[in-house]
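Positions in the sequence shown are counted from 1; adding 580 to them yields the numbering used here. Reviewing the structure listed below.
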Amino acid sequence: MRYYLGLGSNLVDPRNNLARARRRLAANGIKILKTSSLYRTEPVGLSGQPWFLNQAVLVETSLSPWQLLRLAQRVESEMGRIPGPRNAPRVIDIDILLAGDTIVDTPSLTVPHARLAERNFVLVPLAEIAPRAVHPLLKKTIQTLRGASSDRALVEKAPSALRPDSATAKTRPRSG
Ligand code: ADP
Ligand code: MG
581 MRYYLGLGSN LVDPRNNLAR ARRRLAANGI KILKTSSLYR TEPVGLSGQP
631 WFLNQAVLVE TSLSPWQLLR LAQRVESEMG RIPGPRNAPR VIDIDILLAG
681 DTIVDTPSLT VPHARLAERN FVLVPLAEIA PRAVHPLLKK TIQTLRGASS
731 DRALVEKAPS ALRPDSATAK TRPRSG
C-alpha cells in the first residue's frame, strides 16, 4: 500500500532530523518512492518558536495504517521527541497524510490527515509530488486544495544544502 507522509522538524538540526527519519523508516522496511523538496515553514498556532522544515514523501509498505502509525511514533520517540501539545516545537513529527482512497476515522488515527487541507506546510510539499492525488473525502486534488487554501502562513523552498555560503564569500579578505 502507498502512503503520503508529512515530515516536520524545528529543533536542533531539522535538515539532519528529516534525513534520519527517512533512513529509520527505510531501515524498517518502508520503501521511499518519492521525496519533495524541503520547505521552510512558519510555525502555525504557537508563535515564538523556530520555523520548521517540512517535507512530503511517498512510501510503499505492506503495513496497515495503524501499523505504520505505530512505527512512525516509535521513530519519533527513538529520535528523542518529547510528548507535548499539538503544534509545539519538535525534533521530528511524522504524520500520515493520505493512504490512497482509504479513509480511517478513529480516535487515534484519522486519514486523510484531519488538517491536511488547512495547512500550507502540508499542502505545498504534497502538491510538489502529488498534485493530482485526490482527497477521498473532499473529492478534490491536492493542487486544487492548495490553490484554495486560506492559510496565510509562509512556506518557502529551503536553500539546497550545498549552496556556497555567500555570507562567507563576502567577508573573505581581498587579496593583493
Ligand atoms: P500534530 O502532528 O497534529 O502536531 P502529534 O504529532 O502530537 O500532533 O499527534 C497527536 C496524535 O495525532 C497522535 O497521538 C496520533 O494518534 C494522532 N493522529 C491522528 N491521525 C493521525 C495521522 N494521520 N498521522 C499521525 N498522527 C495522527
Ligand atoms: Mg504528528
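Every residue gets a Cβ at the ideal spot worked out from N, C-alpha and C, and that includes glycine.
Tell me whether residue i is buried or exposed, calling it buried when 16 or more other Cβ atoms sit within 10 Å of its Cβ.
i      : result
ASP593 : exposed
ARG654 : exposed
SER755 : In this predicted model, SER755 has a pLDDT of only 47, less than 50, meaning its place in the structure is not dependable; the value taken from the coordinates is given anyway. When all chains shown are included, SER755 counts as exposed.
ASN820 : Residue coverage of the chain in this structure runs from 581 to 756, which leaves residue 820 outside it and unanswerable.
ARG752 : For ARG752, the predicted structure reports a pLDDT of 47, less than 50, and the residue's modelled location is therefore unreliable. A value from the coordinates is still provided. Exposed, because fewer than 16 other Cβ atoms sit within 10 Å of the Cβ of ARG752.
SER740 : exposed
Give me the residue from the options with the minimum Cα distance to residue i.
i      : options                        : result
ASP563 : ALA636, GLU698, SER644         : Here the chain has residues from 581 to 756 only, and residue 563 is not among them.
PRO669 : GLY625, ALA710, PRO645         : GLY625
VAL735 : LEU587, VAL691, LEU725, ASN634 : ASN634
LEU696 : PRO687, THR686, VAL714         : VAL714
Using a threshold of 9 angstroms, state whether the C-beta atoms of residue i and residue j are closer than that.
i      : j      : result
ILE662 : VAL671 : yes
ASP675 : LEU585 : yes
PHE632 : ASN700 : no
GLN723 : ARG732 : no
LEU678 : PRO705 : no
Which residues does DSSP pair with residue i in a beta bridge?
i      : result
VAL612 : Looking at the sequence itself, residue 612 is Ile, so the reference to Val does not match. ILE612 pairs with VAL639.
LEU585 : VAL637, ILE676
ARG620 : LEU633, GLU736
Please go through the segment 656 to 743 and give each complete alpha helix (DSSP H) segment of 4 or more residues, from N-terminal end onward. 700 to 709, 722 to 728
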